[in-house]
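Peer 1: As you go down the protein sequences, you meet chains A and B in turn. Going by numbering that gives the first Met the number 0, the first sequence opens with residue 0, and the numbers climb by one from there. Going by numbering that gives the first Met the number 0, the second sequence opens with residue 0, and the numbers climb by one from there. Note that beta-carbon positions come from the ideal geometry of N, C-alpha and C, so glycine has one too. Provided herewith is a single structure, encoded as structure tokens, for subsequent inquiry.
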Amino acid sequence: MPNGSIQVEQVWKRFRADLTAPLFYDQLKRLRHSIGPGRRNYRWVLKDINLEVEPGASVALIGINGSGKTTLLKVISQVTYQTAGYCNVRGRIGALLSITSGLHPDLTGRENVFLYGTVLGMSRQAIRKKFDEIVEFADLETAINRQVKFYSVGMQMRLGFSVAAFLEPDVLLVDEVLAVGDANFQQKCLQRIGEIVRQGTTLLYVSHDLASVEASCDRAVWLADAVIQAQGPTKDVVRMYRTAVEHNAMLVTANDGELRVLKAEVKATDGGQIRSDCDVEVILTVNARESLDGNFFIGVSQGTAFPMFVVYQHGTLPEGDFEIRCVLNHIPLPKGRYSIWAAMVGSKNSPYMPWNPVISFEAFGPDQFRPPEGVMILTPIYVKADWQVN
Amino acid sequence: MLASAKRLWAHREIIFTLAERDFRAQYKQATLGILWALLSPVLTLVIMIAVFSRAKSFGTEGIPFALFSFVGILCWSFFASALGTGGNSLLSNKALLAKTQFPRECFPLETMGVTAINTVLSWIPLVILFVIFGRAPAVATLWAPLFMVLEVAFAAGVTMAVAGLIIQMRDLVQVLPVIISLGLFVNPVIWPLSKLSEPSVPKFVLPLYCFVNPLGPVIDNVRRTMLLGFEPNWYLVGIATLGALFYLVVGYRLFKRLEVSFADIA
Chain A
0 MPNGSIQVEQ
10 VWKRFRADLT
20 APLFYDQLKR
30 LRHSIGPGRR
40 NYRWVLKDIN
50 LEVEPGASVA
60 LIGINGSGKT
70 TLLKVISQVT
80 YQTAGYCNVR
90 GRIGALLSIT
100 SGLHPDLTGR
110 ENVFLYGTVL
120 GMSRQAIRKK
130 FDEIVEFADL
140 ETAINRQVKF
150 YSVGMQMRLG
160 FSVAAFLEPD
170 VLLVDEVLAV
180 GDANFQQKCL
190 QRIGEIVRQG
200 TTLLYVSHDL
210 ASVEASCDRA
220 VWLADAVIQA
230 QGPTKDVVRM
240 YRTAVEHNAM
250 LVTANDGELR
260 VLKAEVKATD
270 GGQIRSDCDV
280 EVILTVNARE
290 SLDGNFFIGV
300 SQGTAFPMFV
310 VYQHGTLPEG
320 DFEIRCVLNH
330 IPLPKGRYSI
340 WAAMVGSKNS
350 PYMPWNPVIS
360 FEAFGPDQFR
370 PPEGVMILTP
380 IYVKADWQVN
Chain B
0 MLASAKRLWA
10 HREIIFTLAE
20 RDFRAQYKQA
30 TLGILWALLS
40 PVLTLVIMIA
50 VFSRAKSFGT
60 EGIPFALFSF
70 VGILCWSFFA
80 SALGTGGNSL
90 LSNKALLAKT
100 QFPRECFPLE
110 TMGVTAINTV
120 LSWIPLVILF
130 VIFGRAPAVA
140 TLWAPLFMVL
150 EVAFAAGVTM
160 AVAGLIIQMR
170 DLVQVLPVII
180 SLGLFVNPVI
190 WPLSKLSEPS
200 VPKFVLPLYC
210 FVNPLGPVID
220 NVRRTMLLGF
230 EPNWYLVGIA
240 TLGALFYLVV
250 GYRLFKRLEV
260 SFADIA
């Protein structure tokens, strides 16, 4: 196995049952229980995980909270151990599981660079050599001689990430650490990660930010309920994941408000396929328990609850069953799968209908243009452009 | 176990860095800063003299009691504070424990390093005592490093075992200080080890005591060599060596066995 590869075979991991008994009496009760035949409860957080990553690949782990992403990362980085199975990583591991937990608040930035660097696995000599680069990347200037407890949270993040950014491991594991920090720094981090990957480092990246996943990983693994649901090219897996999230949202937001959507339909006004830049009509058959006055919202998203744009209309709706039609002109969508979300909110912000998905559709047309590497696109919008070079 | 020791050796820089972190942080915002490492043992010494110079002692083999007990206390306090801070070291480093992958024994060993530095500094006031009593350490003091090695091995074994067990049984956090303060009397700090070789004591007690508590013969031999100028009592030192090795091996193995679950339940 060459340096930088990860091999995970049939890995299972369980945590012991929750301990919620601080009192002696409770402990006694627990003791009596545990003497009985096989009454131990475990929570399985990883079930039969198989994963192979070749050197230089960049792989994203996605999934909802509690699906086992972080645990898998911890098993791979040997922070914790699997209950069963085989896990092997060749080469030096750099695990960035939390960006500030290695920092000591009473020490100065300078002292912390050495502390955190060593903890992450750098030699002191390497840190000394990289010190100026690290400080420059973190953008800390004279604050480097200040105690870290007087840093703003953002500065601590920058310091933490900068140390890790110059780690030069064979395998880099990153867990949801870029979610914080301002836009500028996030961009800088993504660029740095892209650079590290180009240098041949294997990247395993956990994030809920699907846009950044799409920007920095060529493969994705989708974890759900402790098992691998799907893996493959980022685009496909992310799409499946989005569809599932949307599906879940539809199940969760069972209709019980004053207003209910009975039927939803979406089509191009000319009767053909939905294409980039065409007019799209949304037809919702709804039922109102009483006459309602408020704003009706329609939004288009990539499957998640965060829409790319919304339109709304103020009005009074009658009681009973009726139809709402809305034509979205020249929808600026590149090829892909999208969903329509709707909500109705009364004048005092009282929700008549919660924000929930009503239907999804496929748009045809040109692909989204790829941005430069390390740059992420938040919302895919298709815009026709005319160029001229004078 | 050899493989773990090898891995530990590869990560030795982490021990130094963490020790440096704690040492620096300890005195960071104190006005007198690092001077406290010297001052606090002097203060202890003053209290010691004030209190114990009046107490009727158990016989000190002709050594002034203040000197006799202070040497004992210095030896004992290294062990006590190594165990006190080292035993809790995994708990106090929870944040790192759950996020990093270096060998876990770095934590107890690192706190021992800090304790060692503080201890070395606290030997300096001993010079004051020597001057006060118009004595000088004997040439045989040169044996002291050997005893220190024994004490470090013993302390490392016990500290690692306790640090590992404390994660599983938090009750130990409460019990540990009590046990440590008890140790002040179990060890020959204010009484001479020769008490155990008196005719009224069964023959097997002394060797058994030296095996179970290697710190006892260590304290006794530091006194023998430094204050009386005798050769070390090789018989007892031999037993103590066996004992210290036993604790080191058992403690390290226990720690390694428990290590698997540290990150999950700490």
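Looking at the structure shown, is B:Asp-21 part of a helix, part of a strand, or coil, going by DSSP?
Peer 2: If DSSP states are grouped into helix, strand and coil, B:Asp-21 belongs with the helices.
Peer 1: Which two residues bound the contiguous beta strand (DSSP E) that contains A:Met-352?
Peer 2: From DSSP, the beta strand (DSSP E) with A:Met-352 extends over 350 to 362.
Peer 1: When you compare the segment 261 to 277 of chain A with the segment 345 to 365 of chain A, are there three or more beta-carbon pairs, one atom per stretch, that lie closer than 8 Å?
Peer 2: Yes, the segment 261 to 277 of chain A is in contact with the segment 345 to 365 of chain A.
Peer 1: From B:Phe-15 to B:Phe-77, what distance separates their C-alpha atoms?
Peer 2: In a straight line, the C-alpha of B:Phe-15 is about 18 Å away from that of B:Phe-77.
Peer 1: Interface residues of chain A around B:Leu-95 at Cβ under 7 Å?
Peer 2: Near B:Leu-95 (Cβ distances below 7 Å), the residues of chain A are Ser-100, Gly-101, Val-118.
Peer 1: Per DSSP, what kind of secondary structure is A:Thr-233 in: helix, strand or coil?
Peer 2: Looking at A:Thr-233 - three-state DSSP - the assignment turns out to be helix.
Peer 1: Could you tell me which whole alpha helix (DSSP H) segments of length 4 or greater appear in the segment 58 to 104 of chain A?
Peer 2: Segments of the alpha helix (DSSP H) lying fully in the segment 58 to 104 of chain A: 68 to 75.
Peer 1: Confirm, please, whether the CB-CB distance from A:Gly-302 to A:Glu-245 is below 8 Å.
Peer 2: Contact flag set, yes.
Peer 1: When burial is assigned at 16 or more other CB atoms within 10 Å of the CB, is A:Gly-37 buried or exposed?
Peer 2: Bear in mind that a pLDDT of 49 at A:Gly-37, under 50, signals an unreliable position, so the model cannot answer this.
Peer 1: Of the choices B:Ala-29, B:Thr-59, B:Leu-37, whose alpha-carbon is the least far from that of B:Pro-187?
Peer 2: The residue with the shortest Cα to Cα distance from B:Pro-187 is B:Thr-59.
Peer 1: Classify A:Trp-221: buried if its beta carbon has 16 or more other beta carbons within 10 angstroms, exposed otherwise.
Peer 2: Burial call: buried.
Peer 1: Need the endpoints of the alpha helix (DSSP H) that B:Lys-5 sits in, please.
Peer 2: B:Lys-5 -> alpha helix (DSSP H) spans 1 to 9.
Peer 1: Taking only beta-carbon atoms, is A:Gln-77 less than 8 Å away from chain B?
Peer 2: Judged by the 8 Å Cβ criterion, A:Gln-77 is in contact with chain B.
Peer 1: May I ask you to report which of helix, strand or coil DSSP gives A:Pro-306?
Peer 2: Reduced to three states, the DSSP call for A:Pro-306 is strand.
Peer 1: Evaluate A:Arg-42 with the Cβ neighbour count: other Cβ atoms within 10 Å of its Cβ, from every protein chain shown; 16 or more gives buried, anything less gives exposed.
Peer 2: A:Arg-42 is exposed by the Cβ-count criterion.
Peer 1: Any beta-carbon of chain A closer than 8 Å to the one on B:Glu-12?
Peer 2: Judged by the 8 Å Cβ criterion, B:Glu-12 is in contact with chain A.
Peer 1: Comparing alpha-carbon positions, which option in A:Ile-330, A:Ser-338, A:Leu-327 lies nearest A:Pro-306?
Peer 2: The residue with the shortest Cα to Cα distance from A:Pro-306 is A:Ser-338.
Peer 1: Is it buried or exposed for B:Cys-19, if we count other Cβ within 10 angstroms and need 16 for buried?
Peer 2: Strictly speaking, residue 19 of chain B in this sequence is Glu, with Cys absent from that position. B:Glu-19 should be labelled buried.
Peer 1: Give a yes or no on whether the C-beta atoms belonging to A:Val-176 and A:Ser-100 are separated by under 8 Å.
Peer 2: Result no, Cβ atoms of A:Val-176 and A:Ser-100 do not sit closer than 8 Å.
Peer 1: When the Cα of B:Arg-169 is compared with those of B:Ala-265, B:Ala-49, B:Val-45, B:Arg-6, which residue comes out closest?
Peer 2: The option with the nearest alpha carbon to B:Arg-169 is B:Ala-265.
Peer 1: From B:Leu-241 to A:Leu-114, what distance separates their C-alpha atoms?
Peer 2: B:Leu-241 and A:Leu-114: Cα-Cα distance of roughly 37 Å.
Peer 1: Checking contacts by CB at 8 Å: is A:Phe-149 closer than that to chain B?
Peer 2: No, no contact with chain B.
Peer 1: Okay, do the segment 115 to 133 of chain B and the segment 172 to 189 of chain B touch, 3+ Cβ pairs below 8 Å being the bar?
Peer 2: Contact between the segment 115 to 133 of chain B and the segment 172 to 189 of chain B is absent, because fewer than three Cβ pairs lie under 8 Å.
Peer 1: Counting C-beta neighbours from all protein chains within 10 Å, is the total for A:Asn-51 16 or more, i.e. buried, or is it exposed?
Peer 2: Here residue 51 of chain A turns out to be Glu, not Asn, going by the sequence shown. A:Glu-51 should be labelled exposed.
Peer 1: Looking at the structure shown, is A:Glu-264 part of a helix, part of a strand, or coil, going by DSSP?
Peer 2: It is a strand residue.
Peer 1: Which residues, taken in chain order from the segment 107 to 137 of chain A, show a beta carbon closer than 8 Å to some beta carbon of chain B?
Peer 2: Within the segment 107 to 137 of chain A, the qualifying residues are Glu-110, Phe-113, Leu-114, Thr-117, Val-118, Leu-119, Gly-120, Ser-122, Arg-123.
Peer 1: Output the distance between the C-alpha atoms of A:Gln-228 and A:Ile-297, rounded to the nearest integer angstrom.
Peer 2: For A:Gln-228 and A:Ile-297, the distance between alpha carbons rounds to 31 Å.
Peer 1: Pairs of beta-carbons, one from the segment 351 to 358 of chain A and one from the segment 257 to 264 of chain A, closer than 8 Å: are there three or more?
Peer 2: Touching, per the Cβ criterion.
Peer 1: List the endpoints of the continuous beta strand (DSSP E) containing A:Val-344.
Peer 2: 335 to 345 is the span of the beta strand (DSSP E), which, as asked, contains A:Val-344.
Peer 1: Using 8 Å for Cβ pairs, my map puts B:Val-259 next to A:Tyr-80. What's the rounded Cβ distance?
Peer 2: Contact flag correct, Cβ pair sits at about 5 Å.
Peer 1: What does DSSP give as the partner residues of A:Gly-298 in its beta bridges?
Peer 2: Partner(s): A:Val-309, A:Trp-340.
Peer 1: Are A:Val-88 and A:Asn-49 closer than 8 Å when you measure CB to CB?
Peer 2: Taking 8 Å as the Cβ cut-off, A:Val-88 and A:Asn-49 do not qualify as a contacting pair.
Peer 1: List, in chain order, every chain B residue whose beta-carbon is nearer than 9 Å to that of A:Phe-14.
Peer 2: Within 9 Å Cβ-Cβ: Asp-263, Ile-264.
Peer 1: If I'm right that A:Phe-130 touches A:Val-112 with Cβ under 8 Å, what's the distance once you round it to whole angstroms?
Peer 2: Confirmed, about 6 Å.
Peer 1: Does A:Ser-161 get closer than 8 Å to chain B when you measure Cβ to Cβ?
Peer 2: Answer no: the Cβ-Cβ gap between A:Ser-161 and chain B never drops below 8 Å.
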